[in-house]
Every structure is written in C-alpha cells, then in structure tokens.
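Residue numbers (the UniProt record's numbering): 1 to 530.
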C-alpha cells in the first residue's frame, strides 16, 4: 500500500476546494457549503431498506437530505431531543464542529426519544476508524445499548423493547448495508449477533427482522468473496505478452480491432468493467488507505493487521492494465499504417468514454498513448489525424489542478442528478485524482484539535467527497455485456515496460546512442540476440 500511495501522490495537486476549506476552517471556525453539495450526500445515504412494511411506521423518520444540513454539517435543531451542551460536543450555529471521542460515540447510540441523523451515522462510521477499530466501536455501541436500555435485565418490558428495538435495528441495518466489509472481522460479527439476539429474544416480532439483517449481510460478504476469488484467478494467470509470443506465438493471433471493431462497443464494455469494480470498493477503504497512528493512542495504529484496501488497489491496478494494454496494442503491429489505425481507434474509444462519462477509462487510454514507447513513434504519429486526440488531451490537461477535467466531471455529475435513465447517470471519475484529493484533505487538516477533541468539521468534508463516489458506484450499467470483448480486455497478456520499449525500437529504429544501447541490451536480455 505504501508503494501504491507513493506512485499515486507524484505531482497532482489536491482539489482546491478541499484544501481551501481546511484553511478557512482553521482561520474562522466554520465553512459554508452549497445546497447542491449537500444534496449529493442525501441521495446516497437516504437509500434505506425498511426492515418490513408493517414496521416502517415505527422507524425513526429522517427529513429530506437537503433539509438535514444547515450550513457546514448536521443541524441539531432537527433532532432536538438530545441535549449535548454538557456532553462533550461543540457546536457553532447549531453545526457540530468537534467533540470528544466518547461523546461522539454516545451521539451515535439511539434511545427511546432519539435517533441520530443519517449523515451523522455515515460520517462517524467512516471517520471513526482513524481512531479505533470498527470492532472496538461496535463493542462500545453494544455496551451502551445494553446498559442504557437495560437489555440485560431478566423480564424485559416489551413496551420498552418495542420503542427502542426498531431504532437499534435501524442503526445496525445502516451499518451493515453501508460498511459490510467491517463484518468480515469475527469480533464484529460476534457483537452484532449478541445485540441482535437480545432484541429478538425480547419480542418475537423482531426475530424475522434480525434474521433478514443477518441474511442480507452474509449474502453481501459471500458476493465480495467470490469477486475477490475471480480477481485472484485473473492475476494468477496473467503473463507478459512477450513471453507468450516466444513460447506460444499462435495463441495471440488477434488484436483489439479484430475482437471489437466498433469504438463505441468497446467503450461500453470498458464501462462495464469500471462500474463492476467500483461497486466493490467500500467507502471505508478511502479512509483506511491513509490510517496512521492516533497521537492519543499509545498502542498501535488502526488496521495494521488487516487487508484493508484490496478492492481499491485492484481498481487502480485495472487502470494500469488498461494503459499498458493500449500501449501494447499500438506497439504490436509491424506496419506503421496498422499502428496508426490502432491509435486512431483508441482515440475514438476515448472520445466515446468521455461522452458516456467514463473518465477513468478515458484517462487510462490517454496515459497509454502518452507512454514513452508510444509517443516516440514519430513516423507512426505522422500518419494519425490528431485533432480529436488534441481535444481529449486538453480535457484531461493536468494544468491548473485538472481544471478542464473537473469542469467536465461537474457537468457529468449534474447530468446524473437530473437523469431519467441509467445511461445518463453514469459518472466514473478519474480515480487516482479522487484518491489524491481525499489524501490531501486528510493530510491538510488535523484529526484532533489542540484540546483533544475530534475535528468533526474535517470529517463532514471527507464524508461529502466519499458519499458522492457512493452515489456514482451504485449505478447499474445499462449496456449489454459482451463476454468475448470482456474476456479479451481482462485476460489478454500485455507487454512489460522493457517489452514495450523493445517493440517500439523494433518498429521504429533508435534515434540516438542512448536508445541504441538500450535496444541492444533489451534484444540480448529479452530475445537472447546480440
């Protein structure tokens, strides 16, 4: 993971909005957000699954998300039943800015008269792992629920159970639905089952609700395990294309245009892969990627013993694979007119990705065409009509902190908000830049204030960025799957760096002594020729 972050954090600046928000908070203690920004968080978190139809009227009601925020965060006037003036929480203009960790945990726990708002639940469950393991938080939540509601007492009052049980079940449902990967930890599952069992044993009517909650969770965990097994098999069978060419040249008779000669069709299949892989990334992976030792914790940093970001890393690896596949397909043909045709084909694919809203594949394709073994093919590029490529490069220009791309992304996000079809809802961000924005937000603002309080204002901003991603990843791909194309994209061997340079030099001869020396070395080491 450290190597992955080092590669990712090369030269791209953070989103100015995130850094300026941190700076303004430190200077004036508050920050305003637009209604549009808050609405995104609502659209993600408001998607709840009621436990059963006949229980719905018993569940705590949440107002529309646009109303849940006043300025920079959670407005406690909407949930006035809990008094926090002496509970270790600090508000400014009714917005929660900071608090002790214990007070924030208490604020998460419902009681007969109170249920935390959904944005607070998401924000705290997301950010709390910077300070403690989820299983430790779950243990504290279970303890507070049991002690405060006297769930451990014999002869439980059924009327009391009927008042508090729906709220506890709803909290557990939101946790298991939004952060299911937390429950791959046996300690989490043990605490969950213990608390759920106490509720179910207190009243028969909640037993089915508990069973449904556990079944849904186990189904999700089984699905992600199957997905990870598939990824592992793909990675285990991946080989260098040059090795395959040397040992079994007849096994690679096809190229990408032979498999799919329609750029729009290929862009659709790329979107399938993107959305599938995005869907398996848990929101907590963004935070866990940057977890460090909590200054108030003398023991160890959180998650040192967990494989915490495997799906996020797998998605970044896919971006790299696509870039190398593009470069491989361009460098493979012997004739330059064929190489020029492949370049123009990928330019058209990239343009279709842009129109769809698939910015990650677009950037991977542009990156592949800008790799040195490809960009040095001057005779090949001379045969290419580059006007369309120039436009794409302009859209993904990194200058001014990727201003052009960020403008296009906002346009796609706005289209998604008013979409009437899944086709219009697609927003697949340039993922490495999204991670960098979150990284710089995390690095630019302290997790704790000088008085030891948790800097919750920072975590509202973090939750806003992650929840926007959560909205985008839930879109179902509207395009029909083509197994043949998908298999080619995911499994065809690609060239390594050295093999790309060798193919490039074989296509167009070295131009200087440095290139000639490298060519001789590569021919000797890779082909066994002098």
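Don't be surprised by glycine CBs; every beta carbon is placed ideally from N, CA and C.
**Q.** Beta-bridge partners of residue 428, as assigned by DSSP
**A.** For residue 428, which the question treats as bridged, DSSP gives the partners 358.
(Q) Let's see if you can read the secondary structure: which residues bound the alpha helix (DSSP H) around residue 315? (A) Per DSSP, residue 315 belongs to the alpha helix (DSSP H) from 310-331.
Q: Take the Cβ of residue 420 as the centre, count every other Cβ of all protein chains shown within 10 Å, and call the residue buried at 16 or more, exposed below.
A: An exposed status is given to residue 420, since fewer than 16 other beta-carbon atoms sit within 10 Å of its beta-carbon.
Q: Return the CA-CA distance between residue 169 and residue 182, expressed in angstroms with no decimal places.
A: The straight-line gap from Cα to Cα measures roughly 17 Å.
(Q) So residue 126 and residue 456 are supposed to be a Cβ contact under 8 Å. How far apart are they, rounded? (A) Rounded, the Cβ-Cβ distance is 12 Å, inconsistent with contact.
Q: Go ahead and pull the three-state DSSP assignment for residue 254.
A: DSSP places residue 254 in the coil class of the three-state scheme, outside both helix and strand.
Q | Continuous beta strand (DSSP E) stretch holding residue 98: start and end | A | Annotation for residue 98: the continuous beta strand (DSSP E) segment containing it runs 95-99.
Q.
Using the three-state DSSP reduction, which class does residue 370 fall into: helix, strand or coil?
A. The answer is coil: DSSP assigns residue 370 none of H, G, I, E or B.
Q. Under the DSSP definition of a beta bridge, which residues are partnered with residue 454?
A. Paired residues: 99, 448.
Q) Whose CA, out of 354, 264, 312, lies closest to the CA of residue 287? A) Looking only at 354, 264, 312, the smallest Cα-Cα distance to residue 287 is reached by 312.
Q.
Quick check on residue 114: does DSSP put it in helix, strand or coil?
A. The three-state reading of DSSP puts residue 114 in strand, counting E and B together.
Q) Can you give the Cα-Cα distance for residue 396 and residue 360, rounded to whole angstroms? A) So the alpha carbons of these two residues sit roughly 11 Å apart.
Q. How about the stretch 451-471 and the stretch 316-331: do they share at least three Cβ pairs that are nearer than 8 Å?
A. The stretch 451-471 vs the stretch 316-331: no contact.
Q) Since residue 89 sits in a beta bridge, which residues does DSSP pair it with? A) Answer by DSSP bridge pairing, in chain order: 99.
Q.
What does the Cβ neighbour count give for residue 387, buried or exposed, with the cut at 16 atoms within 10 Å?
A. Classification for residue 387: exposed.
Q. Does DSSP put residue 334 in a helix, a strand or coil?
A. Of the three classes helix, strand and coil, the one that applies to residue 334 here is coil, per DSSP.
**Q.** Anticipated Cβ contact below 8 Å, residue 550 with residue 356, distance rounded
**A.** No answer is possible for residue 550: it lies beyond the span of the chain, which begins at 1 and ends at 530.
Q) Out of curiosity, what's the CA-to-CA distance linking residue 232 and residue 187? A) Looking at the two C-alpha atoms, the distance is approximately 26 Å.
**Q.** Proximity below 9 Å, CB of residue 210 to CB of residue 222
**A.** No; because the gap between Cβ atoms is not below 9 Å, this pair is not in contact.
Q) Taking the continuous alpha helix (DSSP H) assigned at residue 389, which residues delimit it? A) Taken as a continuous stretch (DSSP letters only), the alpha helix (DSSP H) holding residue 389 covers 387-395.
(Q) Taking its Cβ as the centre, do 16 or more other Cβ atoms sit within 10 Å of residue 454, making it buried, or is it exposed? (A) Of the residues assessed, residue 454 falls on the buried side of the cut-off, its CB having 16 or more other CB atoms within 10 angstroms.
Q: Measure from the alpha carbon of residue 398 to the alpha carbon of each residue in 178, 440, 214, 363, then state which is nearest.
A: Closest by alpha carbon: 363.
Q) If you compare alpha carbons, which of 403, 402, 428 is closest to residue 412? A) The option with the nearest alpha carbon to residue 412 is 428.
Q. Is residue 494 helix, strand or coil by DSSP?
A. Residue state, collapsed to three classes: strand.
Q) Within this structure, are the beta carbons of residue 207 and residue 200 separated by less than 9 Å? A) Their beta carbons are under 9 Å apart, which means residue 207 touches residue 200 by this criterion.
Q) For residue 508 versus residue 379, is the C-beta spacing smaller than 9 Å? A) In this structure, residue 379 lies closer than 9 Å to residue 508 by Cβ.
(Q) Tell me which residue opens and which closes the alpha helix (DSSP H) that residue 517 is part of. (A) Per DSSP, residue 517 belongs to the alpha helix (DSSP H) from 513-522.
Q) Less than 9 Å separating the beta-carbons of residue 259 and residue 488? A) Yes; because the gap between Cβ atoms is below 9 Å, this pair is in contact.
Q) Secondary structure at residue 291, three-state DSSP: helix, strand or coil? A) Note: residue 291 maps to coil in three-state DSSP.
Q: Would you mind working out which of 516, 499, 506 sits nearest residue 526, comparing C-alpha positions?
A: Comparing Cα-Cα distances from residue 526 to each of 516, 499, 506, the minimum goes to 499.
Q. Anyone know if the C-beta pair for residue 171 and residue 116 falls short of 9 Å?
A. Contact: yes.
Q | Exposed unless 16 or more other CB atoms sit within 10 angstroms - verdict on residue 274 | A | Burial call: buried.
Q. By a C-beta neighbour count over all protein chains shown, 10 Å radius and 16 as the cutoff for buried, is residue 450 buried or exposed?
A. Residue 450 comes out exposed.
Q) What does a CB cutoff of less than 6 Å around residue 353 pick up in its chain, not counting 5 residues either side in sequence? A) If we look at residue 353 and ignore the five residues flanking it on each side, its Cβ neighbours are 267, 361, 362.
Q) Which whole-angstrom value describes the C-beta separation of residue 374 and residue 340, a residue pair presumed to lie in contact below a C-beta threshold of 8 Å? A) The Cβ separation is near 12 Å, so there is no contact.
Q) Can you list, in chain order, the residues of its chain whose CB lies under 6 Å from that of residue 325, leaving out five sequence neighbours each side? A) So the list reads 494, once near-sequence residues are dropped.
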